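According to mature numbering (1 follows the signal peptide of the UniProt record, and there is no 0), the sequence shown holds residues -26 to -1, 1 to 278 in order. The structure appears right after this line, and notes come after that.
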Amino acid sequence: MDARGKILSSLMVIAGLAGAASSAHASAAAAASMSHREGSVAVAPAGATEWTEAAPGRAVAGGDRLWTDPGARAEVHLGGAVLHMDSEAFLEVADLGGGLFLGHLHDGALIVRVRALAAGDQLEIGTPHFSVRLLRAGDYRIDVDPARGASRLTVGQGHAFVRAGKGQALAVPASQQLEWTAGELKLVPAARAAPDAFERWAAGRHRREEQVLASRARPASRQGVADAQTAGAWVWIGSRWAWMPAPAPVAPSSGGEWEEPRARLPAPSRITRGEAEDPRTQWQLDQAQRQMQPLPPRTRPPGP
């Protein structure tokens, strides 16, 4: 039995009790999806006893359990926040919907970037030793090492509130680090070490997202051609360029999971005005964006 199987097996009793309540919220959940992955990432929905491959763009719902294989990483978007999962991280989504996200990091490292929190939003992530509520926009890192019985929270920018057993509670401001050691919470200044590989990867993903968001507000003449914006494409409508987002992911079909093709669409600088106004070009762009292609069912090593 591999690491995923052992983790899933050990949690099935708890997940079985919580699964019904979590799935009840799933239909009304706020939009959340796996926006990016590198390597093999597995998911086990509420009540499932086996892991399956998580397709890019897969919707994330309450009760889902996510695992990144060795060397893999994943990114989950939910409202005004982004969750970055490091290699061999295990995250359980306890509840999701209506401005609420309750997660539990059982193993590995997680970086959370909060762009904005609306009034009434609740973003809380638990570990085996304490629970973290993120109170402001900022960047946060949570590390869990079950072998050492240790958990750590690092706040770069932002503000968090932490609760633990025996009534322990601490506010953690920016540039502070909280550690669970010997059954107690300990607050210390965050170490000023050079970013590790995971932090550099998460920062790179953040910069790319900022560039994409900024590019949508700039004239087409100033656009780059990187990726041709895999989340959509620029098209000429009337007398100007307009951003056409890619369609939302669709639900899995009986013939397998559905996935948007990752074809690189032409950037505005590579399309002349005449070509853009040509109905054939518009049809090609439309088809590239909207056509879905069925994939065969994927198999995975057996679970517990």
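The beta-carbon is built from N, C-alpha and C at its ideal position, and this holds for glycine as well. Just so we're clear, the structure is a prediction, and the values are computed from it rather than from any experiment.
| Query | Result |
| --- | --- |
| Beta strand (DSSP E) segments (min. 3 residues) lying fully within the region 65 to 90 | 74 to 88 |
| Whole-angstrom distance between L84 and A124, CA atom to CA atom | 14 Å |
| Which residues DSSP lists as bridging S125, in chain order | V118 and W154 |
| Among A165, A46, R137 and T101, the one whose alpha carbon lies nearest that of V129 | A165 |
| Start-to-end residues for the beta strand (DSSP E) that takes in D25 | Inspection of the sequence shows that residue 25 is occupied by Trp rather than by Asp. Here W25 belongs to no beta strand (DSSP E), and DSSP marks it neither H nor E. |
| Counted within 10 angstroms of its Cβ, other Cβ atoms place S149 as buried (16 or more) or exposed | exposed |
| Q142, DSSP secondary structure in three states | coil |
| Rounded separation between L70 and H180 - CA only | 23 Å |
| Where V136 falls: helix, strand or coil (DSSP) | strand |
| Start and end residues, beta strand (DSSP E) containing E62 | Counting along the chain, E62 falls outside any beta strand (DSSP E), and DSSP gives it neither H nor E. |
| The beta strand (DSSP E) enclosing R39, as first and last residue numbers | R39 to T42 |
| Closest Cα partner of A143 within the set R110, H103 and A171 | H103 |
| Which listed residue (T23, G94, S7 and A68) has its alpha carbon closest to that of H58 | S7 |
| Of the residues S61, H80 and D60, the one placed nearest V67, counting alpha carbons only | H80 |
| Simplified DSSP state of A93, which is helix, strand or coil | coil |
| Proximity of V50 and E183 at Cβ, strictly below 9 Å | no |
| Secondary structure of S7, DSSP reduced to three states | strand |
| Opening and closing residue of the beta strand (DSSP E) in which S105 lies | F104 to L108 |
| Contacting residues, own chain, Cβ-Cβ under 7 Å from Q185 (five flanking each side not counted) | none |
| Exposure label - residue 288; buried when at least 16 CB within 10 Å | Lying before the first or after the last residue shown, residue 288 is absent from the chain, which here runs from -26 to 278. |
| Contact under 9 Å by Cβ, R126 with R107 | no |
| C-beta contact flag for V146 and D113 at 9 Å | no |
| Secondary structure of R179, DSSP reduced to three states | helix |
| Outcome for A93 when other beta-carbon atoms lying within 10 angstroms are tallied against a minimum of 16 | exposed |
| Spatial distance of G73 from E158 (CA atoms) | 31 Å |
| DSSP three-state assignment for A188, whether helix, strand or coil | helix |
| Heavy atom of the ligand HEM within 8 Å of H80 beta-carbon | Among the components modelled here there is no ligand, and therefore nothing to report on the ligand HEM. |
| Straight-line Cα distance separating G37 from L52 | 15 Å |
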